Structures are given as structure tokens and as C-alpha cells.
Amino acid sequence: MAAVTFDQIGKIYPDGFSAVRNFNLEIEDGEFMVLVGPSGCGKTTALRMVAGLEDISHGVLRIGERVVNHVPSRDRDIAMVFQSYALYPHLTVYENIAFGLRLKKVPKGEIDQRVHEAARVLDLEPHLKRKPRALSGGQRQRVAMGRAIVRRPQAFLMDEPLSNLDAKLRVQTRAEISKLQHSLGTTTIYVTHDQVEAMTMGDRVAVMRKGELQQVATPQTLYDRPVNLFVGGFIGSPAMNMIEATLQRSNGNFEAVAGTQRVTVGQETLSQRPGLTAFEGREVILGIRPEDIEDAALEPDRAGDARLHGKLVLREALGSEIMAHFTIDAPPARTEETAELAEDVGAELTEDAPQESLLIGRFGARSRVTEGDTIEAAVDTRALHFFDPETGLGIYEGSNTKGAG
Amino acid sequence: MAEVAAQQPIVVPDPSDTVAARIIRIAGKLPVNLFLAAIGLVWLVPTIGLFLSSLLAPNDFNSKGWWQIISKPSVATWANYSNLWNSTDIPHSLVTTAEIAIGGTVFPILVAALAGYAFAWLEFPGRDWLFVVVIGLLVVPLQMALIPMFSLYNKLGIFDTVISLVLFHTAFGLPFAIFLLRNFFIGIPKDILESARIDGASEVRIFSRLILPLGLPAIASLAIFQFLWTWNDLLVALTFARNTQPVTVAIYTNLRQFGSNIDIIAPASFLSLVIPLAVFFAFQRYFVQGLLAGSVK
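Heads up: the sequence lines are chains A and B, in that order. Under our numbering, the first residue of the first sequence carries the number 994, and numbering increases by one thereafter. Under our numbering, the first residue of the second sequence carries the number 74, and numbering increases by one thereafter.
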């Protein structure tokens, strides 16, 4: 097992496309690192450079102490789980798992013992004599895992290993991979576009956008203190609501004013973001997570100045909660990042600047709101997010400092 | 989802599997099957005729009809075959042909498989242009090469040898073989090869442990084509083999102007026809589809 270090790594394809730029990341020995980002952000390219499947254009890549820039894949002592599993179709499950060991000329007895051990851990023992085509998707995925763990490599590389499984199996396998990684303690780099996988599995998560690293932090830090608009919008589901607002001081309180809506900035938010005072009288982007918006009828003891007034356009009842989609008369945040985030989820922003924003709130299941209602939503002001509209950076300590990360 | 489709089918007693249902099903297909059998029979007439002719003694051939083979007493005799075996050079020619055909099949496939892998999966400068050249060679007619090769073989001193024929067939079999195998190999999912590379396999290992077994259907069909072509070749053999007679040339030299030695030609032709047929059936089981199923989603 070993640390993996990206030092100023860059990848430029022959056609001039720069897939990864100035990428610095230190993955500690035994760490579970998740690379996450929308499609085309360079996360898979970064992983394939560790695997030796892509040439490295700039920088130095180390596995342990060894610089591996020009070491061929077969000598890097890493194992990879592919999105497609890439099983050898003409070999049985046993032969698939033993393939790497046989190439390394491991003694027969030891191969046998290690394959059976891996098969036991992965619950594959009854299937060892079968060919991949006779297995279900979940079993194939486990064979791919078995092929990796049996080699006891320096690091595991996983390229969206769960994306071909159905939703239920994905949740189950997610937990199994986490458990397995913890018990083996092997350094793991895991690539995914699914932020739920990133949050639940990673010791730390690296968020990428357009070939550049945005923020590396623990999942909770990413959620609480996103370094910029992009991370704020990418982490969390449903995504953070973002509206344009102006900061004003009234009666000693800080208020974010958006259209006719006024949201008092809570003391807790203010103490975590002293930099906000510098933005008095200026435009900011206000971010409110859906889980901080509740039906005011269910929160009668919340102060009135943290309320949003709007019209419910869609009610999605999930049983345990209700996703309330409502519009308010405040302009939505429109930056390059928000446009990209919208594109990633398949939505399209219209050209003209509307004066209405669509917000999502997670209302309690007892909420009685129905579509078309004029509603009052209570905002938990303890965890508001603020971003500088010019730089897109989160507003934390000073006027131009970055967030934790 | 795809995963559901990949589950093992559950065996449920099929209600359409009763005797009555089966009779109806067979009866329904009867006209089609009869039609196909009729076509097959028409196709086989020359072969059957050749076989029956080979069973007639030379004197009977002109005076008796084929139906007398199945009438009683039958005029059929294996004498032609035993005569062929004991007192002509046909058996020796069959061996020569086998040497040429096996060499002319194994060599081009071996070279083409290596070349096909390189063209499909290895990066080297000028790869695509070189492949275009190989495709271009497909249209070169081999007749064009007969005379230059004739003098070249003379200079090299290998004229009239099995080697010279094997080399010629290899050279002219290669373009198509490379073309076919490269196009098949490129269909093998890239992930499998990358996975093997990470698992520690060298290019040689990838070729021998993955490409060859996965390419077996293409290699088998190519082998049959190439084998039949070299086995049945007359033109090349007639040009380069005077004394090293393969069976096609041997039969040809037995054709007298008035064709009265049918007792040699018929059994020899039939023998030279049966052997490639056996080869075809031997390789046929490798034409399995779906060899790649289950590797990648």
C-alpha cells in the first residue's frame, strides 16, 4: 500500500484539448479518495493517468516514493475496476480472478488459496466455475472486485464501478465496497459523477470541473463550506438554491434582500463568515439548501423575517418528505458555474434574465401545500451560503479569502 | 435493466412442449424443410454422380448405368480405389497437397494474426497508412506475379518445391487475412486489453492469452477459406510445380484427350473433395457466436 501523489499534473490530447490542468492532489496511504465532477471534467483522465493508460503531459506522478510517469501499467502494481467490468469472457470466474496472479508466477497453491479467500469475501464461491456471461450484473461487478483485491496491489483504481447496476443493488454494493476498503486498508481512488456515492464513500472528496481541481475536503466540509459556487451547487441533492441578493443592514441586523424577499442573516452564519461585513450594500449570491427551507405552517415559532413568499408550482411527495418547487420574485443567480450546473442536470437556462427564481424546499411530510397555492416558506438562517458574484468564491473570512479546503 | 436479462433463465415446463404441439410445429415447417431438402439435393447431384462413377469399373462405365449400382446384383466395386491407392502416384500427390494446404493456411494466419493485432491495438507511426497499403494489395491479381515469381524462384533455387507454393499462397493470402483479423480484433472491447495490461500482461501475453482465444471464430473462418483455396488451387501449382505434383495437377495430367481413364479421375477427384469437407466440419464448431458475451456490459 502506498500514497499516490499528483504533482502539477496536466494532460493535453494531441488535438490540443486540455483535459486536466495543474492538478495537485496528495492521496494518503490507505485513504479512500473520491474524484467527482460532471461528465467531461477530467476525473476519468486523471484516474487513467494513474493506471498508466494515458500518457502524462506535465507534472510528476508518484505511487509511494516511486515516480511512475514512464512506468508501464503492468509494473505499477495497481489494480483497476472498470465501469464495464472488463471481464475476460473466455475464462471462468476462477481464471478471471487468478489471471493477474498467474502472470506474476505466484505458486499454484497460493493462487488457489487467495482466489478462494477473495471468492469467500465476495460471496462468489458457488460461481467459480462459471463463465462471466452466466452471471448477473451484480455478480460480474463482484468478480471485477475480486480480480482487484486478490492481487493485493499498492492502490485500487475504480472507474464508476457501480453505474451499471440498478439503484437498489448500487446502494448495497456501495456499502460493501466501503466495508471492504476499510478492512483491507488499501489506498483507493474512486471516480464517480454521483455526488451521493462521493459523499457516502470518500474519506475525502476531490471535486473537479473542466479539468481543474475545485476543492478537496471531507464530505462534511464540502457540504458546509463549499469553496465556490460550483462546489456549492454540485454537492447536495436536490441542489442548493441560488438567488441574487443585496446585503443591507437594518436595525443592527444583516439582511439579504432579493426582490421583495428579505432574509435575515443569522448570527451563526455571520460568525462563520466575518467577511460578509465587507459586502454591505453590495450584491452577493445567496445560497439556501433545500433542507433549510420548511413549510412555515409547520414551523410556527420561526421568526417572520426569515420567510420566503412564493407560489407552489410542483409538489413531489416522497412519503417521508415533500419536495416543494416554488417560485419567488427574486432574480436567480446567473453565472458561468450555475449555467454549467444546470446543463449537467439537463436543464437549460433561457437567455432573458427573469425576475423569478424557482426554488426547491424539503417540506415535512405533514405539509398541506398544494400546487397553485401561495405559500410561506421558513428559512433556517443558521446555514446560509454566500458567494461573491464576481469571482464565484464563497464568502468566509476576509473579503477575498477562500473557504476551508 | 441489462442485469435482469443476464440472469439465468428459470426452467419452467413449457406448455408448448406437449407431443401434440410438437407435431403441429413440425408439420407447419414441413413445406419449408422439403423445399430446402430439394435444393440441397440438386446441389449434391454432381458430387453424387462423381461418387457413383468412381464405383464403376472402367469397362462398366461406358456400358452400364449408375442405377445398376443399386440394382441386384450390384456392379459397384471398390477396385478403382484400391487400384488408385496401390498403383498410381495419386496418394503421394494428396500428401503433397496436404503439405501445401496446411502450410499455406498456418503461415498466413500466424502472420496475419500478429499483424492484425498490431494494426488494431498497437500505436506506431504510419500505422493507418500501412493498413491502407495492405488493403490496396487486395486488388493485386496473383496472375500478375506468376512470371516474376517464376524467375525469382529459379534464382533462389526453390522452384518446384512445396516451400515455393506455401510462400506464394502465404503472400497472396495475407492481405485479406490481415484485413479480416484486424477488423475482428478491433471489435474486442478495449477495456479487456487495458485490464490485462494492468493485471501485468505483456503484449505477447495479451496476444496469446486474450486475442487468439477471443479471435477464434474469425481465425476458424479464415482457416477454412484459405485451406479450401490452397487445396483446390490449380493455376499456381501448375506454374511452380512440375514434379512436385499436388493432386489437382496430378488429376489434370491424367486427363487424356478422350477421357477414358475415368477410373483414376473419378475416385481421385472424389478423394480430393472429401478431405476439405472433413476440414470444414472439424472447424465448424468454432463458428460460435457470442464468444464475447459477459465481458463488458
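For each residue, glycine too, the CB sits at the ideal point set by N, CA and C. Every value quoted in this text rests on a predicted model; they were computed, and no experiment measured them.
- Taking a Cβ-Cβ threshold of 7 Å, none of the residues of chain B is close to Met-1042 (chain A); the smallest such distance is about 13 Å.
- At a C-beta separation below 7 Å, Ala-274 (chain B) has these neighbours in chain A: Arg-1067 and Leu-1096.
- Taking 9 Å as the Cβ-Cβ cut-off, the region 1079-1090 of chain A approaches chain B at Ala-1079, Leu-1080, Tyr-1081, Pro-1082, His-1083 and Leu-1084, given in chain order.
- For Pro-1267 (chain A), the closest of A:Phe-1379, A:Gly-1130, A:Ser-1350 and A:Val-1029 by C-alpha to C-alpha distance is A:Phe-1379.
- Minimum Cα-Cα distance from Met-1151 (chain A) among the listed residues A:Ala-1111, A:Met-1194 and A:Leu-1162 corresponds to A:Met-1194.
- Under the three-state reduction of DSSP output, Val-997 (chain A) falls in the strand class.
- In its chain, beyond the 5 residues on either side, Asp-1022, Ile-1056, Gly-1057, Gln-1147, Ala-1148 and Thr-1180 have a beta carbon closer than 7 Å to the beta carbon of Ala-995 (chain A).
- Runs of the beta strand (DSSP E) lying entirely within the region 1069-1138 of chain A, each at least 3 residues long, are 1071-1074 in chain order.
- Within the region 1093-1123 of chain A, those residues whose Cβ lies closer than 8 Å to any Cβ of chain B are, in chain order, Gly-1093, Leu-1096 and Lys-1097.
- Distance from Arg-1355 (chain A) to Glu-1261 (chain A) at the Cβ level is roughly 20 Å; contact not present, criterion being Cβ atoms closer than 8 Å.
- Only residues of its own chain outside the window of five on either side were considered, and among them Pro-181 and Gln-299 have a CB closer than 6 Å to the CB of Gly-246 (chain B), listed in chain order.
- Taking 9 Å as the cut-off, the beta carbon of Thr-178 (chain B) is found closer than this to the beta carbon of Ala-296 (chain B).
- Within chain B, the residues whose beta carbon sits less than 9 Å from that of Leu-1046 (chain A) are Glu-267, Arg-270 and Ile-271, listed in sequence order.
- In the DSSP assignment, Lys-1004 (chain A) forms a beta bridge with A:Val-1013.
- When Cβ-Cβ separations below 9 Å define contact, Leu-254 (chain B) makes no contact with chain A.
- Distance from the CA atom of Glu-1205 (chain A) to the CA atom of Val-1338 (chain A), rounded to whole angstroms, is 20 Å.
- For the region 1290-1340 of chain A, the full-length beta strand (DSSP E) segments reaching 3 residues or more read 1300-1310 and 1314-1321 along the chain.
- Note on geometry: alpha-carbon atoms of Pro-1382 (chain A) and Pro-1219 (chain A) lie some 15 Å from one another.
- Among the CB atoms of chain A, none fall inside 9 Å of the CB of Leu-195 (chain B).
- For Gly-1139 (chain A) and Ile-1090 (chain A), the gap between their C-alpha atoms comes out near 6 Å.
- The Cβ atoms of Ala-1251 (chain A) and Ile-1321 (chain A) sit closer than 9 Å to each other.
- Counted as a single uninterrupted DSSP element, the beta strand (DSSP E) harbouring Gln-1241 (chain A) occupies residues 1234-1243.
- Bridge partners of Tyr-1183 (chain A) according to DSSP: A:Val-1027 and A:Met-1151.
- Assignment of beta-bridge partners to Ile-1281 (chain A) by DSSP yields A:Asn-1234.
- In this structure, the CA atom of Thr-1211 (chain A) is about 56 Å from the CA atom of Arg-358 (chain B).
- DSSP, reduced to helix, strand and coil, places Arg-200 (chain B) within a helical segment of the structure shown.
- Residue state for Asn-1221 (chain A) is assigned as strand, using DSSP reduced to three classes.
- In this structure, Tyr-1078 (chain A) sits near Ala-1137 (chain A), with a CB-CB distance shorter than 9 Å.
- In the DSSP assignment, the residues bridged to Ser-1350 (chain A) are A:Ile-1321.
- The region 1219-1228 of chain A makes no contact with the region 1356-1372 of chain A: fewer than 3 CB pairs, one atom from each, lie closer than 8 Å.
- Sequence-distant partners of Arg-315 (chain B) (beyond 5 residues in either direction) whose C-beta falls short of 8 Å from its own C-beta, in its chain, are Asp-233.
- Contact annotation: in the region 239-264 of chain B, residues whose CB is within less than 9 Å of a CB in chain A are Pro-262, Lys-263 and Asp-264.
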